[in-house]
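A.B. asks: Pasting in a structure now, in structure tokens, and then I'll have a few things to ask.
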Amino acid sequence: MLLYTNIFLFLFIRQVVSVCMEEKMESVLLFNMLNVNKKIFMYYFEKKFYRVSLCVGLASSFTLYSSCSLAGDIKIHRERSVSNGYAKNNKNNRTVLVDHIGGKRSQKKKTKSFAAIGSEEVHVSSVRHGAVGGGRMINLSTPSAMSVVDRAYITMRPPQGNILQIAQNMPGANVTAADPYGVTNNVNFTVRGLNSAEIGYLSDGTPQNDTTAGAIYPTQLVDVENLDQVRLSQGASSLDLPIFSALGGVLSYTTIDPSKKAGGYAEYMIGKYNAQKEFGRIQTGEIGKSGIRSWVSFSNFFDHHWNGPGIDHRKHIDAKALKEWGDGNRISAIFSWSDADLAQYYNPTMSDWKEKGNSNYYRATFNPSGSAADNASYWKNQRNEWMDVNAALPSSFTLTDHLKLNVLPYVWRGWGNVTYGSTVNPSGSYYGTTYMDGPGAIPYTDATGVAPVASRYVFLDSRAGITAKINYSWHNHDFVFGDWYEYDDNTNYVDMVPLGQTGDPVNIWKASRFALRYSNGTQLRALDWNLITQANSLFAGDKITFLNKKLTINVGIKVIMLDRFGANHLPGSQYAVGQNITEPLPEFSALYKFDRQNQLFFNVSTGMRAPLGQSFFNSYNLSTGDVSQKGTSNERPEYAIKEELGYRYQSNLFHASATLFNYDFKNRQVSTLENYNGDLISSTINVGSQTTRGVDVEVGTHPFWHFSPYANFEFVHAINDSNFLTQGCSNAGVCQSVALNTKGKYATQTPAYQASFGLSYNDGLFFGNFDLRYTGKQYTTFVNDEHMPSQLRGDIAVGANLPSFSYMKSPKIKLNFLNISDLHHLAGPASVTSNAHDVISKNSYVVKGSAPTYYLGYGFTMMATFSSSF
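Right, dumping it as structure tokens:
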């Protein structure tokens, strides 16, 4: 009877402790009850039940036993007496710094390794058992809207995913992905209706946006197994960010710090569509007595496409080294390398989708005697080859008690291409505005005299930059001064290669010796330009505290200076282009803490996005030599004034926040995909002014009987304030600029309603997660004559922690089920247009319709993962 009484008390008190400890309530009586027959407790839970991880809690002159995280790497079963934040081992009297259970210290940093005096070390896992909302919320004191997920949630997600998919259930986020494993770049990410090119992306503080196109390519980013935390700032961004395109907020992530103890982690995933992933990470531990510790990881992924022919293969390396000393001194060395060979998914129009649904759009076989158009659509001609390296050295130094220095140098280099099947006339074509005789014979020329070829859109990009800032504290002020500088050299060209004996390109990389050439030896190119961008941002700010630090005021300004110079190497009227932009961006914010639980914040900030690089350059029709895109260097940057008013409640029961926001845009730029001679490349359309208003609501609870619910909701009202200028033609064939009636129309790619619900479970042995997301309809034309229907999608994850065996520590098995609710849907817009159908303007000119395209939504997918530390 005593045994069952103690078991009941343990289960009850553990729930009370998880609630009470954050408020630091005195629970000596409860803890002393646990001491009764503690030996019976230990034996019963270790021998008769499953082996749970046990950790030490902080208190004064009492002993606490509690269950730790679901993925603790090391189990602690010895009794320790705790005093003043240090635990003394009763056997050998060694002292180990431990962390508060549920207290503030554990929430400030999720991954900690605590060095012991002597040889003992205790590692506390970053996957916390009591995470708010299952790891979807943490304690925040920022004067702007922000959402954060930590490893408690990240580890529930599929191991083969990307950063955008992890953020897809955050307030305001809308992720469009064409493949379930997130390996291809057929993806789009919007926040409050602002697209990927208007959002900043940071990896451990280093910029990841394409400087020229503004886009993000998730396949080159860090493996999710190495993520520590992902943050989304929906509105205002920090002064010191090394980005000039963060108009719609910032998505940033940090990687895990190296452990002080040597070890490793291995993972194997198998999934639907022949998917496989192998991942391994080695921890060196502290190297000698240098204080340097590091890890390096490697992953290999392979799958087949879910809706037709296509194979993806990705290899990736991440590495990190760390040296810490003194009070706040820290140097990290970060490196990543990616090598991807990906097949493209087709982006259908609405009529295509209604006719063919999710069936295959590319040809599965090659026919040597077939038409050029059919052979150009062979799936092996639709490829994406990419390789890049990324390195950074973020460093922090405490110079004095009041003076700190942060320096972040980084370099990045990427090269590769996107290959699309197209056709060309072997007899000749236009090179810019000059007609040139063709190469003559090209394999598989059909009866119409047209040959299938592979067009290679080649990218060569090198960038290097550095951010340096100084923080100086004086009385109730914390001043910051700094500078960011970056140099980027970007080359883009489109050449063509013939098809080989099996119908695929003779070369898919940038090797020029395989390219088709005109009769005079010049390479046949549909696009050829280079752009150099120098960015410089000077910033200064002051953080002032009042009323015993209850009120915090932030004021600051940064001045962004861009210098761009480029050259169009195709013959024509355009050669040199250039642009200089200087934009001051002031900001103000305030945060008031009523008490430990209630906060009110307000901010007003400004932001800009420079015109995309390809908008500077002319492109030409190969058949006629006419300009197919008119480049200009007079395009003004997009500019916005943003306001947020929000409230946060953070208690030992639940967290909640609500944010009202308002944006006023000038020179609103919308990214789209336009077809140039069969090649889809990014383009930008200026739609004038726009007003966006809305509200975000988010709530999550601490675990109740192992369950942690979470929910968020967003309403957005985004309206175009300008008519859109485009080209219209009369019945007589006279064409001129006309105004489409877009004023008062709803903004594209902006669902009015979004909602997400999540439920996590973790009892130390079994764990699981359920996510359900609703996305409202999205308009895909400026005149609102076509829209994508709303959708409801759900994902499930279930798993169990297994007993350690031999060299395997904390092994785990996990099952993920994606898209359990909507097997036939469009994932999201791939491109938007002014009008899908012909429109007659006020002066009777006809504006010809152009159909938007969409990403296909993948079907039901499941995968199984086995992982273990060692």
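Mapping of the sequence shown onto the numbering used here: residues 70 to 939, in sequence order.
We treat Cβ as the ideally placed atom computed from N, Cα and C, and that holds for glycine.
If you follow the beta strand (DSSP E) that N257 is in, where does it begin and where does it stop?
C.D. replies: Position 188 of the sequence shown, counted from the first residue, corresponds to residue 257. 256-260 is the extent of the beta strand (DSSP E) around N257.
A.B. asks: Confirm, please, whether the CB-CB distance from M630 to N605 is below 8 Å.
C.D. replies: As a first step, residue 605 is located in the sequence shown; it is residue number 536 there, counting from the start. As a first step, residue 630 is located in the sequence shown; it is residue number 561 there, counting from the start. Cβ atoms of N605 and M630: closer than 8 Å.
A.B. asks: Are there three or more Cβ pairs, one per stretch, closer than 8 Å when the stretch 305-316 is compared with the stretch 216-235?
C.D. replies: Contact fails: fewer than three Cβ-Cβ distances are below 8 Å.
A.B. asks: Among H786, K341, G379, which one has its Cα closest to the Cα of N429?
C.D. replies: Translated into the one-based positions of the sequence shown, residue 429 becomes position 360. Closest by alpha carbon: G379.
A.B. asks: Taking contact to mean 3 or more Cβ pairs, one atom from each stretch, closer than 8 Å, check whether the stretch 866-886 and the stretch 822-837 are in contact.
C.D. replies: Cβ pair count under 8 Å is three or more, so yes.
A.B. asks: In this structure, does DSSP put N453 in helix, strand or coil?
C.D. replies: What you label residue 453 is simply residue 384 of the sequence shown in a count that begins at 1. Strand, per DSSP.
A.B. asks: I need the straight-line Cα distance from P820 to Y732, nearest angstrom please.
C.D. replies: Start at 1 with the first residue of the sequence shown, and residue 820 comes out as number 751. Start at 1 with the first residue of the sequence shown, and residue 732 comes out as number 663. Taking the straight line from one Cα to the other gives about 16 Å.
A.B. asks: Going by DSSP, what residue range makes up the beta strand (DSSP E) through E355?
C.D. replies: Position 286 of the sequence shown, counted from the first residue, corresponds to residue 355. Premise fails: E355 is in no beta strand (DSSP E) and is neither H nor E.
A.B. asks: Going by DSSP in three states, L233 sits in which element: helix, strand or coil?
C.D. replies: Numbered from its first residue, the sequence shown carries residue 233 at position 164. Note: L233 maps to helix in three-state DSSP.
A.B. asks: Identify, in the order they occur along the chain, each residue of the same chain with its Cβ nearer than 8 Å to the Cβ of F723, setting aside the five sequence neighbours on each side.
C.D. replies: Within the sequence shown, the letter at position 654 stands for residue 723. Result list for F723: V201, V768, G769, T770, H771, in chain order.
A.B. asks: Which partner residues of R594 appear in the DSSP bridge assignment?
C.D. replies: Residue mapping note: residue 594 aligns to position 525 of the sequence shown, counting from 1. DSSP lists D564 as partners of R594.
A.B. asks: Just mark W394 as buried or exposed, buried being the case when its beta carbon has 16 or more other beta carbons within 10 Å.
C.D. replies: One-based indexing of the sequence shown puts residue 394 at position 325. Result: exposed.
A.B. asks: Report the start-end ranges of each alpha helix (DSSP H) in the stretch 765-815 that is 4 residues or longer and not cut off at the edges.
C.D. replies: Runs found: none.
A.B. asks: Any idea which residues DSSP pairs E656 with across the strands?
C.D. replies: Taking the first residue of the sequence shown as 1, we reach residue 656 at position 587. In DSSP, E656 forms a bridge with G625, S674.
A.B. asks: Suppose contacts are defined by Cβ-Cβ distances below 8 Å. Is N561 in contact with N254 by that definition?
C.D. replies: Looking up residue 561 in the sequence shown gives position 492. Looking up residue 254 in the sequence shown gives position 185. No, Cβ-Cβ distance for N561 and N254 is not below 8 Å.
A.B. asks: Quick one: using the 10 Å Cβ neighbour count with 16 as the cut-off for buried, is W774 buried or exposed?
C.D. replies: Within the sequence shown, numbered from 1, the residue matching residue 774 stands at position 705. The residue in question, W774, is exposed, as its Cβ has fewer than 16 Cβ neighbours within 10 Å.
A.B. asks: For H856, list the residues DSSP reports as bridge partners.
C.D. replies: Sequence index remark: in the sequence shown, residue 856 carries index 787 (1-based). Answer by DSSP bridge pairing, in chain order: Y848.
A.B. asks: Between the Cα of D387 and those of H374, W455, S359, A461, spot the shortest distance and give me the residue it belongs to.
C.D. replies: One-based indexing of the sequence shown puts residue 387 at position 318. Answer by Cα proximity: A461.
A.B. asks: Let's see if you can read the secondary structure: which residues bound the alpha helix (DSSP H) around E424?
C.D. replies: One-based indexing of the sequence shown puts residue 424 at position 355. 419-425 is the extent of the alpha helix (DSSP H) around E424.
A.B. asks: Compare the beta carbon distance of L472 and D552 with 8 Å and say whether it is the shorter of the two.
C.D. replies: Taking the sequence shown and counting its residues from 1, one reaches residue 472 at position 403. Taking the sequence shown and counting its residues from 1, one reaches residue 552 at position 483. No, Cβ-Cβ distance for L472 and D552 is not below 8 Å.
A.B. asks: Would you call P236 buried or exposed, if buried means 16 or more other Cβ atoms sit within 10 Å of its Cβ?
C.D. replies: Looking up residue 236 in the sequence shown gives position 167. Per the sequence shown, residue 236 should be read as Ala rather than Pro. Buried, because 16 or more other Cβ atoms sit within 10 Å of the Cβ of A236.
A.B. asks: Going along the chain, which residues of its own chain have a beta-carbon closer than 6 Å to the beta-carbon of Y716, five neighbours each way excluded?
C.D. replies: Within the sequence shown, the letter at position 647 stands for residue 716. L669, A727.
A.B. asks: According to DSSP, simplified to helix, strand and coil, what is V480?
C.D. replies: Counting from 1 along the sequence shown, the entry for residue 480 is found at position 411. Correct three-state label for V480: strand.
A.B. asks: Could you spell out where the alpha helix (DSSP H) holding D273 opens and where it closes?
C.D. replies: Taking the first residue of the sequence shown as 1, we reach residue 273 at position 204. Element bounds for D273: n/a, residue is neither H nor E.
A.B. asks: Buried or exposed for K881, please, with buried defined as at least 16 other CB atoms from any protein chain shown within 10 angstroms of its CB.
C.D. replies: For the purposes of this step, residue 881 is taken as residue 812 along the sequence shown, with counting starting at 1. Label assigned to K881: buried.
A.B. asks: For D695, count neighbouring C-beta atoms within 10 Å of its own C-beta (all shown protein chains included) and say buried if the count is 16 or more, exposed if not.
C.D. replies: For this step, residue 695 is matched to residue 626 along the sequence shown. Exposed: under 16 other Cβ atoms inside 10 Å.
A.B. asks: Taking only three categories from DSSP, how would you classify R220?
C.D. replies: Locating residue 220 in the sequence shown gives position 151, where the first residue counts as 1. If DSSP states are grouped into helix, strand and coil, R220 belongs with the helices.
A.B. asks: Can we say the stretch 517-526 touches the stretch 560-578, given the rule of at least three CB pairs closer than 8 Å?
C.D. replies: A contact exists between the stretch 517-526 and the stretch 560-578.
A.B. asks: Suppose you measure from the CA of V920 to the CA of A402; what does that come to, to the nearest Å?
C.D. replies: As a first step, residue 920 is located in the sequence shown; it is residue number 851 there, counting from the start. As a first step, residue 402 is located in the sequence shown; it is residue number 333 there, counting from the start. It is Ala, not Val, that sits at residue 920 in the sequence shown. Rounded to whole angstroms, A920 to A402 spans 47 Å at the Cα level.
A.B. asks: Given that a residue counts as buried once 16 or more other Cβ atoms are within 10 Å of its Cβ, and exposed if not, what is E995?
C.D. replies: Outside the displayed span of the chain (70 to 939) sits residue 995, for which this structure offers no information.
A.B. asks: Between the alpha carbons of E424 and G647, how many angstroms are there, rounded?
C.D. replies: Your numbering for residue 424 matches position 355 in the sequence shown. Your numbering for residue 647 matches position 578 in the sequence shown. Distance between the alpha carbons of E424 and G647 is about 46 Å.
A.B. asks: Take T760 as the anchor and find which of G262, F258, A609, G349 has the nearest alpha-carbon.
C.D. replies: For the purposes of this step, residue 760 is taken as residue 691 along the sequence shown, with counting starting at 1. Ranking G262, F258, A609, G349 by Cα distance to T760 puts G262 first.
A.B. asks: Between K329 and D219, what straight-line distance do the alpha-carbon atoms span, to the nearest angstrom?
C.D. replies: The count along the sequence shown starts at 1 and reaches residue 329 at position 260. The count along the sequence shown starts at 1 and reaches residue 219 at position 150. Their Cα atoms are separated by approximately 21 Å.
A.B. asks: Starting from the N-terminal side, write out each stretch of the beta strand (DSSP E) that is 3 residues or longer and does not extend beyond the stretch 696-732.
C.D. replies: Entirely contained in the stretch 696-732, the beta strand (DSSP E) runs reaching 3 residues are, in chain order, 696-698, 707-719.
A.B. asks: Examine the Cβ distances between the stretch 513-520 and the stretch 437-455 and report whether three or more of them are shorter than 8 Å.
C.D. replies: The stretch 513-520 vs the stretch 437-455: in contact.
A.B. asks: Beta-carbon within less than 7 Å of A787's beta-carbon, same chain only, minus the 5 sequence neighbours each way: which residues are those?
C.D. replies: Here residue 787 is taken as the residue at index 718 of the sequence shown, counted from 1. Here the set comprises G262, Q759, T761, Y815, A816, T819.
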